[in-house]
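**Student:** Note that the UniProt record's numbering has the sequence shown beginning at 1, numbered continuously upward.
Glycine included, each C-beta is placed from N, C-alpha and C at the ideal position.
What follows is a structure written as structure tokens; I'll ask about it next.
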Amino acid sequence: MKIDMQKLSPMMQQYFAIKEKHKDHILFFRLGDFYEMFYDDAVLASRELELTLTGRDCGQEERAPMCGVPFHACETYIARLIKKGYKVAICEQMENPADAKGVVKRSVIRVVTPGTLIESNMLSEDANNYIACILFDQGWGLACADSSTGQLFVSQFAADAQGEVVNELGRYCPSEIIFNEGILDQTEVTAFIQKKLHCVADLCDNDRFDPQAAEDLIARHFSKPSGALGLDGRPLASRALGALLAYLYETQQKGLERITDIAYVNPEQSMALDLTARRNLELTQTMRTGEKRGTLLWVLDRTKTAMGKRLMRAWLDKPLVNPAVINKRLNAVEELFSDTMLRCDLIDSLSGVFDLERLMTRIIYGSASPREYKALEGACRKMPALKARMEGCASAYLCEARDALDPLEDVSDLLARAIVDEPPAAVKDGGVIREGYSPALDELRALIHDSKKLLVGIETQEKEKTGIKNMKIGYNRVFGYYIEVSKSNLGLVPDTYIRKQTLANCERYITQELKQLEEKILSAGERIATLENETFEAVRAAVSAQLHRVQATASAVARLDVYCSLAAVASANGYCRPDVGLSDGILIRDGRHPVVEQLMDGAPFVSNDTTLDCGENQIAIITGPNMAGKSTYMRQTALIVLMAQIGSFVPAASACIGVVDGIYTRVGASDDLASGQSTFMVEMTEVAQIMKQATSKSLLILDEIGRGTSTFDGMSIARAVLEYIADKKRVGAKTLFATHYHELTALEDTLSNVKNYNIACKKRGDELIFLRRIVPGGADDSYGIEVSKLAGVPDWIIRRARQVLEQLEQGREVAPARAARQKQEETAPQMTFGSAAASEIEAALRAIDVNTLTPIEAMNKLYELKTLLKD
């Protein structure tokens, strides 16, 4: 639609002037009680939000397309737009329309983007929401911030560290990324952002990454130079941070004081866990459904606070590699594990503590509701008792958490005195400030409350003064308060009365006293609203000034919550404390898969040992049939190591864990058809990355390498990979290697650091029983046909497969399927009633509860079933 700017109404000229500065955003333009959108924004929003598209006369030949949402419900609509990847600029009225001369002043107060959300209903309480800034200029700079919690992390990498950059981005999983032109040529990082992160990504001008501008902004924001913040000698990290801060200042306008500190992250301080490993190990979401249930986080997370939930996830994403720090965490968990009473008391005290971090953010931004202030008060009320209960703690990290806990009694007392017990949802609804907190406010409220008494007093006074007994005081919206006198009493009306309205049977008057009272009463409501807003803002400022204290307390609560959760899980599930050190070995006795055992509905989990080191037990080749438990066993080993390195007890009888610098996995079949990559290509790409990044301190979990191509090709690749890993000059990593290529078990005889293991199973006739036990030696069969039968493959296919297998094993030519089928039909047995007997036996077996049988009863039942089979 062609727009003649000269003919636009003044308001629409204002709209286009603001829109010009926010071309890439959907502009929510405040008009009264609505946020309106016009022209292209309106068409887009009506489609995406399913709103009715209307029109408005703006001085053009055609009406301007228009749609809107109520301002009090805007968060719901904004959340839907943000989820679809849009950005929303909120343009607010900056003055009272009643006082405005001409067009009401308006300004954009905030740009809402996926990475800058602070609204609790748009965020997951158990996960951080990061915005990242990434820079490449002969090296890498990375800065990540969570606006909702005030956390800020920065890192710097060498120019050839694309893999490390990808791993770090995978940890944060930012919902929004800004970057410079330099990364466009870095294919590994750009491909990861495009195909894996599914986030909003924006290219920024190089000016935004200017070193001096970054240094100036950092110094201005933190009131200290970058060198004092741990960024000395890290220019790329500083430039990325400066660009991120500049973007936040442009979009948020206020609230940036929430970000008070920086954490420089050295990737070498934590275990390398790429996105593939986190997905394959199902740390925070399942591969099939993306749910939390069925993940390691689901098992370990019994936290009671949102801060604790986010910290638990962060620990899982960043296992430690420093044994001293790991053991300090383990000491804290062990103290709570051993003292059930202390643990239960602390868990009870943590219950009901609201999200201090995000509450403070919304208070600083000025968007917190009165009810959120009461939630903060309730959380603060719990701190003194929580701190007192920890007085007897002995472990270093529990003592640190206790000392960092601030009782915050002054904050809770302020909120208790200022805010009513059950405040309304918004300040504009009135009745937020408690009686007795503001004398001026109390006086105005008393005026409203006592207005009827005052009016009755004036009416009584005037009746006595004039002698007009049927006089009455009334009110209407046009004339305000008035004295009504009947026609028969007009002769008694004093000269001081001012005639206001004449009716058929009476006259209405006002007096100076009544007019003054009317002005007081009518203006009191507006003055109450203004004064209540001012008082509430003063409370907000007072609470905001305590940010550092509240933040330190929130951090301590989060750590304590995680320690309690890990101790509670360890106690409930029978975990042991691992011995974590700098040895090269992983020695696990009776290890169990932490997730699978919780999903087995009471059935016993078969535990297994694991022995890996950098000597003769460096590589374990594991063979056995599908469904026997190879993948479960390998994953459980990786999860036990990971749990130990976050400071958790582990599901085992005992565990001695030498810290690993990374866990790398190649598990399962997947493809990437969108980029033209087959299953085998994806597999080989992952193998290539592992071979580049793994070291002798790493743990590798490799499942069915080489299966996506021909048998001989696949076997050759698998063997070459094993030999490459076994070579200590190349990789030398501790490795669990599952395969169906039984020929690879011959490596045990040629390589001193390779051992064969298999999943034990028994075959009785056509029946295959999985024992789930890892035993030394290679498997003698893959039992693929038996597993196919268990999966429900039709009997004809099973019989035919056995015929083909027999012919192949004997080196004979495989007979055509038609001839084989004819032979089967000729030799097929006649129908019997065996199936009915089998059903009866099956029903009898299903009715038996083996957990309640005595040995004698078990023998009797077995005899009955044997008799039934004979009959």
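Go to Tyr437, then tell me how far its beta strand (DSSP E) extends in each direction, as first and last residue.
**Tutor:** Where Tyr437 is concerned, there is no enclosing beta strand (DSSP E), given that its DSSP letter is neither H nor E.
**Student:** Beta carbon of Ala572, beta carbon of Leu356: below 8 Å?
**Tutor:** no
**Student:** Judging by CA-CA distance, which residue of Ile326, Asp450 and Ala844 is the nearest neighbour of Ser648?
**Tutor:** Among Ile326, Asp450 and Ala844, the Cα nearest to that of Ser648 is on Ile326.
**Student:** For Ile657, which three-state DSSP category applies?
**Tutor:** In the structure shown, Ile657 sits in a strand (DSSP, three-state: E or B).
**Student:** Report yes or no: do the region 553-567 and the region 302-311 share at least 3 C-beta pairs separated by less than 8 Å?
**Tutor:** yes
**Student:** Quick one, are the C-beta atoms of Asp482 and Tyr509 less than 8 Å apart?
**Tutor:** It should be noted that the sequence gives Tyr, not Asp, for residue 482. Against a cut-off of 8 Å, the Cβ pair of Tyr509 and Tyr482 comes out as a contact.
**Student:** Ordered along the chain, which non-local residues of its own chain (more than five positions away) have a Cβ less than 6 Å from that of Ile528?
**Tutor:** Once the five neighbours on either side are set aside, the close Cβ partners of Ile528 are Leu444.
**Student:** Do you know how far the Cα of Leu639 is from the Cα of Thr832?
**Tutor:** Because the pLDDT of Thr832 is 47, which lies under 50, any placement of that residue in the model is unreliable, and the question is left without a value.
**Student:** So, for Arg279: in the same chain, excluding its five sequence neighbours on each side, which residues have a beta-carbon less than 7 Å away from its beta-carbon?
**Tutor:** Met287
**Student:** Run through DSSP, which three-state label would Gln252 get?
**Tutor:** helix
**Student:** According to DSSP, is Leu673 part of a helix, a strand, or is it coil?
**Tutor:** For Leu673, the pLDDT reaches just 44, beneath the cut-off of 50, and the residue's location in the model is therefore unreliable, although a value from the coordinates is still provided. DSSP places Leu673 in the helix class (H, G or I) of the three-state scheme.
**Student:** What do you get for Phe712, buried or exposed, if any count of 16 or more other CB atoms within 10 angstroms of its CB means buried?
**Tutor:** exposed
**Student:** Does the structure place the region 679-695 close enough to the region 603-614 that three or more beta carbon pairs sit under 8 Å?
**Tutor:** no
**Student:** Does the Cβ-Cβ distance between His740 and Glu704 come in under 8 Å?
**Tutor:** Yes, Cβ-Cβ distance for His740 and Glu704 is below 8 Å.
**Student:** Can you give me the C-alpha to C-alpha distance between Val493 and Lys465, rounded to a whole angstrom?
**Tutor:** 10 Å
**Student:** Terminal residues of the continuous alpha helix (DSSP H) containing Met12?
**Tutor:** Pro10 to Glu20
**Student:** So for Val321, helix, strand or coil by DSSP?
**Tutor:** coil
**Student:** Output yes or no for whether 8 Å exceeds the beta carbon distance between Ile588 and Ala277.
**Tutor:** no
**Student:** Just checking my contact of Glu215 with Ser226 at CB under 8 Å: how many whole Å lie between their CB atoms?
**Tutor:** 6 Å
**Student:** Could you check whether the region 724-736 touches the region 688-703, counting it as contact only if at least three pairs of C-beta atoms, one from each stretch, sit closer than 8 Å?
**Tutor:** yes
**Student:** Anyone know if the C-beta pair for Lys196 and Leu275 falls short of 8 Å?
**Tutor:** yes
**Student:** On the DSSP bridge list, what partners appear for Ile498?
**Tutor:** Ile510
**Student:** Use the C-beta contact count for Val660: other C-beta atoms within 10 angstroms, 16 or more gives buried, fewer gives exposed.
**Tutor:** buried
**Student:** Alpha carbon to alpha carbon, how far is Arg666 from Met634?
**Tutor:** It is roughly 11 Å from the alpha-carbon of Arg666 to the alpha-carbon of Met634.
**Student:** Would DSSP call Thr623 helix, strand or coil?
**Tutor:** strand
**Student:** With distances taken Cα to Cα, identify the nearest neighbour of Leu790 among Ala847, Pro211, Pro407 and Asn626.
**Tutor:** Asn626
**Student:** Give me the residue from Gln636, Glu748 and Leu751 with the minimum Cα distance to Thr295.
**Tutor:** Gln636
**Student:** By Cβ distance, which residues of its chain are closer than 7 Å to Lys487, with the 5 residues on each side in sequence left out?
**Tutor:** Asn505 and Cys506
**Student:** Could you check whether the region 315-332 touches the region 266-275, counting it as contact only if at least three pairs of C-beta atoms, one from each stretch, sit closer than 8 Å?
**Tutor:** The region 315-332 makes contact with the region 266-275: 3 or more CB pairs, one atom from each, lie closer than 8 Å.
**Student:** What are the complete alpha helix (DSSP H) segments, minimum 4 residues, inside the region 188-239?
**Tutor:** 211-222
**Student:** Report the residue ranges of all alpha helix (DSSP H) runs contained in full by the region 718-796; include only those spanning at least 4 residues, in chain order.
**Tutor:** 747-750 and 784-790
**Student:** Within 10 angstroms of its Cβ, does Pro174 collect 16 or more other Cβ (buried), or is it exposed?
**Tutor:** buried
**Student:** If the criterion is Cβ atoms closer than 8 Å, does the pair Ser752 and Glu597 meet it?
**Tutor:** no
**Student:** In its own chain, which residues sit with a C-beta less than 8 Å from the C-beta of Ala213, not counting the 5 before and 5 after it?
**Tutor:** Asp207, Gly242 and Ala246
**Student:** Please go through the same chain and pick out, in chain order, the residues whose beta-carbon is closer than 7 Å to the beta-carbon of Ala556, but skip the five residues on each side of it.
**Tutor:** Ala401, Ala404 and Leu405
**Student:** Would you tell me roughly how many angstroms separate the C-alpha atoms of Gly581 and Cys656, rounded to the nearest one?
**Tutor:** 8 Å
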